[in-house]
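Just so you know, we're using the UniProt record's numbering here: the sequence shown kicks off at 1 and counts up by one.
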Amino acid sequence: MSLFWRIFLLNAVVVLAATIALLLGPVTVSTPALLTEALVLATGLGVMLALNALLFRVGLAPLQRLIRAMTTVDLLRPGPRPVANGRGEIADLIRAFNGMLDRLEAERGRSAARALSAQEAERHRVAQELHDEVGQTLTAVLLELKRVADHAPPPVCDELRQVQETTRSSLDEIRRIARRLRPGVLTELGLISALKALTAEIAEPTGLSVRKSFGQDLPELGEEAELVIYRVAQESLTNTARHAGARHVDLTLRRSGPGVELRIRDDGRGVGGAAEGAGIQGMRERALLVDAKLSVGAGPAGGTEIRLVIPISAERS
């Protein structure tokens with residue numbers, strides 16, 4: 001029965017009972033009203049109000065839970081749906097809200113997949129242009145500088161050697177940027193080798209000490225899952241090197257129950273109460289692509305801990 005009819009019928013029953021009591025019972029109202037008559041009317045009114053309050057409290061309780069769910073839902077952190085309890089329109093409203101959440105999360109997942117796919121394609125194109133165009137140009141400049149330096153007088157030759165070193169450093173930096181944009185080692189040598197190369201690349205210029213641990217029983221992952229793990233590790237290590245003020249980082253990749261877990265823990269200053277930036281939001285969007293769960297918080301000994309858990313079903317798909 002709908003909420004309207006329940007409220008209507010309850011009020012109708014109370015009013016009908018009061019009417020019958022006035023018509024057939026010994027209760028009557030005189031002018032002026034006697035104290036006993038006022039007590040009877042006040043009692044009847046109180047009973048009616050109490051029954052109405054009870055009905056509204058019980059009937060609208062699912063709506064209060066639905067309001068809390070609507071104000072706290074986060075599409076980047078899918079949680080349990082509100083239970084469609086209650087009757088009539090309330091249960092229908094909760095089911096409609098849950099269906100809307102399912103559609104929104106599915107659409108967000110598809111949109112994020114398209115956006116990240118386009119982002120990876122653009123990274124591939126930029127890395128290719130840096131390697132083929134800028135890299136070859138700088139290589140030609142190095143060769144020309146070497147040829148000129150070989151025939152230049154000693155004072156000019158020393159200056160040309162310095163220019164050569166600057167150009168060579170720029171070429172190395174461009175190649176490093178190209179490797180970060182497009183991790184060719186990931187497709188050529190696999191995830192473990194790519195993570196080792198990533199940690200070495202970040203630790204060398206920053207002085208960050210990275211301890212690595214890889215499980216021996218890791219299942220074979222799909223390309224999308226491997227790319228998500230690599231990008232989350234890349235973003236986490238980059239944030240640690242730039243902002244955390246950490247000296248040591250532990251990177252662990254292992255099987256964890258029904259899934260695979262990537263855990264990155266540092267000894268830096270921690271996240272504190274700072275709002276999540278674009279980097280963490282990007283990691284959450286990537287995690288949704290493979291049905292993974294990402295958590296960012298304080299480590300057991302301070303610092304920051306980032307955990308990415310990918311279920312087996314997502315790996316196989």
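Glycine is no exception: its CB is placed at the ideal position from the N, C-alpha and C atoms. Model, not experiment: these values are computed from the prediction.
Query: Look at the alpha carbon of Glu226 and the alpha carbon of Leu191, and state the distance between them as a whole number of angstroms.; Result: 6 Å
Query: CB Ala178 to CB Leu186, shorter than 8 Å?; Result: no
Query: Mapping DSSP to helix, strand and coil, what is Arg182?; Result: coil
Query: What residue from Leu16, Ile7, Gly277 has the CA that sits closest to Arg57's CA?; Result: Ile7
Query: What do you reckon, are the CB atoms on Ile280 and Val290 nearer than 8 Å?; Result: no
Query: Short of 6 Å in beta carbon distance, which residues of its chain neighbour Asp250, apart from the five on each side in sequence? Order them along the chain.; Result: Arg211, Arg265
Query: Would you mind working out which of Arg254, Ile202, Val309, Ile174 sits nearest Leu237, comparing C-alpha positions?; Result: Ile202
Query: Would you mind sorting Glu159 into buried or exposed? The rule is 16 or more other CB atoms within 10 Å of its CB.; Result: exposed
Query: On a Cα-Cα basis, can you pick out the residue from Ser169, Pro219, Ser213 that is closest to Pro205?; Result: Ser169
Query: On the three-state DSSP scale, how would you describe Glu315?; Result: For Glu315, the predicted structure reports a pLDDT of 43, less than 50, and the residue's modelled location is therefore unreliable. The matter cannot be settled from this model.
Query: Skipping 5 residues on each side, what residues in its chain have a beta carbon closer than 7 Å to that of Thr167?; Result: Leu138, Val141, Leu142, Leu145
Query: Any contact between the stretch 292-306 and the stretch 107-119? By contact I mean 3 or more CB pairs, one from each, below 8 Å.; Result: no
Query: In the DSSP assignment, what are the bridge partners of Pro300?; Result: Gly302
Query: Between the C-alpha atoms of Ser44 and Pro32, what's the straight-line distance to the nearest angstrom?; Result: Residue 44 is actually Gly in this sequence, not Ser. Computed Cα separation, rounded: 19 Å.
Query: Buried or exposed: which applies to Leu308, given that a residue is buried once 16 or more other Cβ atoms fall within 10 Å of its Cβ?; Result: buried
Query: With DSSP as the reference, label Gly46 as helix, strand or coil.; Result: helix
Query: If I follow the unbroken alpha helix (DSSP H) through Thr238, where does it start and stop?; Result: 223-239
Query: Assign Arg269 to one of three DSSP states: helix, strand, or coil.; Result: coil
Query: Can you tell me whether DSSP reads Leu294 as helix, strand or coil?; Result: strand
Query: If you draw a straight line from the alpha carbon of Ile20 to that of Leu55, how long is it in whole angstroms?; Result: 23 Å
Query: Do you know whose CA, among Leu60, Arg68, Val14, lies nearest Gly46's CA?; Result: Val14
Query: Check whether the Cβ atoms of Leu221 and Val271 lie closer than 8 Å to each other.; Result: no
Query: Report buried or exposed for Glu305, applying the criterion of at least 16 other Cβ atoms within 10 angstroms of its Cβ.; Result: buried
Query: Taking Leu49 as the reference, which of Gly257, Asn11, Ala127 has the closest Cα?; Result: Asn11
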